[in-house]
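Enquirer:
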Amino acid sequence: MQKIVTMERVHILFGSNMGDKEAIFAQACLLINNRCGRVVQVSGAYDSEPWGFVAEEWFLNRVIVVETDLAPEELLRRLLGIEKELGRIRHPENQGYASRTADLDILYFGSRVILSETLTVPHPRLHMRRFVLVPMCEVAPTMVHPVFEMTQEELLQHCPDDSVVKKLD
Numbered sequence: 019m020q021k022i023v024t025m026e027r028v029h030i031l032f033g034s035n036m037g038d039k040e041a042i043f044a045q046a047c048l049l050i051n052n053r054c055g056r057v058v059q060v061s062g063a064y065d066s067e068p069w070g071f072v073a074e075e076w077f078l079n080r081v082i083v084v085e086t087d088l089a090p091e092e093l094l095r096r097l098l099g100i101e102k103e104l105g106r107i108r109h110p111e112n113q114g115y116a117s118r119t120a121d122l123d124i125l126y127f128g129s130r131v132i133l134s135e136t137l138t139v140p141h142p143r144l145h146m147r148r149f150v151l152v153p154m155c156e157v158a159p160t161m162v163h164p165v166f167e168m169t170q171e172e173l174l175q176h177c178p179d180d181s182v183v184k185k186l187d
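In our numbering, the protein residues as written are 19 to 187.
1) Could you pull out every residue in the same chain whose Cβ sits closer than 6 Å to the Cβ of K185, ignoring the five residues on either side in sequence?
2) If you compare alpha carbons, which of W76, H176, T86 is closest to G33?
3) If we call anything under 8 Å between Cβ atoms a contact, is R118 one with M36?
4) By alpha-carbon positions, which one of E101, Q170, M25, F149 ends up nearest to A44?
5) In this structure, what does DSSP give as the bridge partners for V57?
6) Assign V7 to one of three DSSP states: helix, strand, or coil.
7) Let me confirm a value: Y115 is counted as buried when at least 16 other C-beta atoms fall within 10 Å, else exposed. Which label applies?
8) Please report the distance separating the alpha-carbon of A46 from that of L104.
9) If I measure Cβ to Cβ from F129 and keep anything under 6 Å in the same chain, skipping five residues before and after, which residues do I get?
10) State the DSSP-derived secondary structure class of R143, mapped to helix, strand or coil.
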């Protein structure tokens, strides 16, 4: 009997504002491709003003589209391992935002809505962040948010965030 494998298209936000951001991004893609699923699309690179805290270095943000057969919690576990391998240090006492070498956030897991102790999908703040919506509009402008029932373009039009997000050449 043949096992049927269901592939999901997952949108992941990459962010970094420490170290060689492009090299870290390239390594993240390689590790994701080897451990999580096939990278099928990547947005352009965006220089983004820090959101929620003050930092000297701006962020490099990109959306990575992955086809995976992993369960959502397993994908999250592997992404957190990749972050750590790329130098991310999480300080439990730091409840706010901080500079980081690598941040990998699951934005969408197909059209699923997931609410667990460790994972909320769609990402609960994506609609409030230009640095998420601008690259999302590049890779999936008409994709509908399963809770708000709005496209990425519509979410961007209604986004309250006015921070600077510039496309890099």
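In this text, a Cβ means the ideal position worked out from N, Cα and C, and glycines have one as well.
Expert: Here's the rundown:
1) Locating residue 185 in the sequence shown gives position 167, where the first residue counts as 1. Only G62, Y64 meet the Cβ criterion.
2) As a working mapping, residue 33 is identified with position 15 in the sequence shown. The shortest Cα separation from G33 among W76, H176, T86 belongs to W76.
3) If you number the sequence shown from 1, residue 118 lands on position 100. If you number the sequence shown from 1, residue 36 lands on position 18. Result yes, Cβ atoms of R118 and M36 sit closer than 8 Å.
4) Reading the sequence shown from its first residue, position 26 is the one you call residue 44. Here the closest residue by C-alpha is E101.
5) Numbered from 1 along the sequence shown, position 39 holds the residue referred to as residue 57. V57 is bridged to V84.
6) Residue numbering for the chain in the displayed model covers 19 to 187; residue 7 lies beyond these limits and cannot be assessed.
7) As a first step, residue 115 is located in the sequence shown; it is residue number 97 there, counting from the start. When all chains shown are included, Y115 counts as exposed.
8) As a working mapping, residue 46 is identified with position 28 in the sequence shown. As a working mapping, residue 104 is identified with position 86 in the sequence shown. Near 8 Å, if we compare the C-alpha coordinates of L104 and A46.
9) Counted from its first residue, the sequence shown places residue 129 at position 111. Reading the sequence as shown, one finds Ser at residue 129 and not Phe. Excluding sequence neighbours, S129 sits near P164.
10) Your numbering for residue 143 matches position 125 in the sequence shown. In the structure shown, R143 sits in coil (DSSP, three-state: anything other than H, G, I, E or B).
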